[in-house]
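Numbering of the sequence shown is given in this note's numbering, commencing with residue 6 and proceeding in unit increments.
Glycine is no exception: its CB is placed at the ideal position from the N, C-alpha and C atoms.
A quick write-up on the structure given underneath.
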Amino acid sequence: MAALPRTLRKFNLFNDGMSFIAECLSVKLPALKMKTEDYTGAGMIGPVALLKGVEKLEMEHTYNGPIPEIIATFGAEKHDAAKLRWMGSYANEATGESHAVEIVAAGRHNELDSGDAKAGENGEFKVKTDLTYLKWIMDGKELIEIDIVNDVFKVAGQDRMAQHRANVGL
Numbered sequence: 006m007a008a009l010p011r012t013l014r015k016f017n018l019f020n021d022g023m024s025f026i027a028e029c030l031s032v033k034l035p036a037l038k039m040k041t042e043d044y045t046g047a048g049m050i051g052p053v054a055l056l057k058g059v060e061k062l063e064m065e066h067t068y069n070g071p072i073p074e075i076i077a078t079f080g081a082e083k084h085d086a087a088k089l090r091w092m093g094s095y096a097n098e099a100t101g102e103s104h105a106v107e108i109v110a111a112g113r114h115n116e117l118d119s120g121d122a123k124a125g126e127n128g129e130f131k132v133k134t135d136l137t138y139l140k141w142i143m144d145g146k147e148l149i150e151i152d153i154v155n156d157v158f159k160v161a162g163q164d165r166m167a168q169h170r171a172n173v174g175l
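Here you go:
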């Protein structure tokens, strides 16, 4: 049977446990990218990308106007003051199944952009959140967990930093 793409049917974004299903217009989910450094040693025909960690994690979310509950945590002292949870429902039209995808994140709202204000029009209120924690779950199965502060990097259940933490007595 030919595969068809999964289509996002619905999503919801929670900020500190509060649902914004009717106010959130869009969410730019975190891009995951490894931080690497190219290395070419003597006798090597080309570079090898050496792992150096993960790139900065960010999440952007847009609403139809200012949200006081989000503004209240803007620039908080605590690195994980903003707790976000994105939940999406994807339809698979090849099988008729639906799939639950969840992103749990914590960080700090570091950028607020109210955009252009025009009378009689819906506005846009954009928020950029720098993340220190991310967990990606699909159909109840953990795919990825990154905890920057506690040095956790799990992919498909395997903590790739566990041995390194053990090596330094953690």
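(message) Quick check on Asn-115: does DSSP put it in helix, strand or coil?
(response) Note: Asn-115 maps to strand in three-state DSSP.
(message) I believe Pro-35 touches Glu-74 by the beta-carbon criterion, under 8 Å. Please report the beta-carbon distance rounded to the nearest angstrom.
(response) For Pro-35 against Glu-74, the beta-carbon gap comes to about 21 Å, at or over 8 Å, which does not count as contact.
(message) Please report the straight-line C-alpha distance between Glu-107 and Gly-48, rounded to a whole angstrom.
(response) Within the model, the alpha-carbon separation for Glu-107 versus Gly-48 is close to 46 Å.
(request) Just mark Arg-165 as buried or exposed, buried being the case when its beta carbon has 16 or more other beta carbons within 10 Å. (result) Exposed, because fewer than 16 other Cβ atoms sit within 10 Å of the Cβ of Arg-165.
(request) Go to Glu-147, then tell me how far its beta strand (DSSP E) extends in each direction, as first and last residue. (result) According to the DSSP assignment, Glu-147 belongs to the beta strand (DSSP E) that extends over 146-152.
(request) Return the first residue and the last residue of the alpha helix (DSSP H) that His-169 is part of. (result) In the DSSP annotation of this structure, the continuous segment of the alpha helix (DSSP H) that includes His-169 starts and ends at 167-172.
(message) At the level of alpha carbons, what is the spacing between Leu-56 and Thr-41?
(response) Linking Leu-56 to Thr-41 through their CA atoms gives a straight-line distance of about 5 Å.
(message) Output needed for Ile-153: all residues of its chain with C-beta closer than 6 Å, excluding positions within five of it in sequence on either side, in chain order.
(response) Only Thr-137 meet the Cβ criterion.
(request) Give a yes or no on whether the C-beta atoms belonging to Tyr-68 and Phe-25 are separated by under 8 Å. (result) Yes, the Cβ-Cβ distance between Tyr-68 and Phe-25 is below 8 Å.
(request) May I ask you to verify whether the stretch 117-131 touches the stretch 142-162, counting CB pairs closer than 8 Å and requiring at least 3? (result) Taking a cut-off of 8 Å on C-beta distances, the stretch 117-131 does not touch the stretch 142-162, as fewer than three cross pairs fall below it.
(message) Quick check on the burial criterion: 16 or more other C-beta atoms within 10 angstroms. Buried or exposed for Ala-110?
(response) Of the residues assessed, Ala-110 falls on the buried side of the cut-off, its CB having 16 or more other CB atoms within 10 angstroms.
(message) So if DSSP puts Asn-17 in a beta bridge, which residue, or which two residues, is it bridged to?
(response) Its beta-bridge partners are Met-92.
(request) Assign Ala-209 to buried or exposed, taking buried as 16 or more other Cβ atoms, counted over all protein chains shown, within 10 Å of its Cβ. (result) No answer is possible for residue 209: it lies beyond the span of the chain, which begins at 6 and ends at 175.
(message) Quick check: Ala-77 and Arg-113, are their CB atoms within less than 8 Å of each other?
(response) No, these two residues do not count as a Cβ contact at 8 Å.
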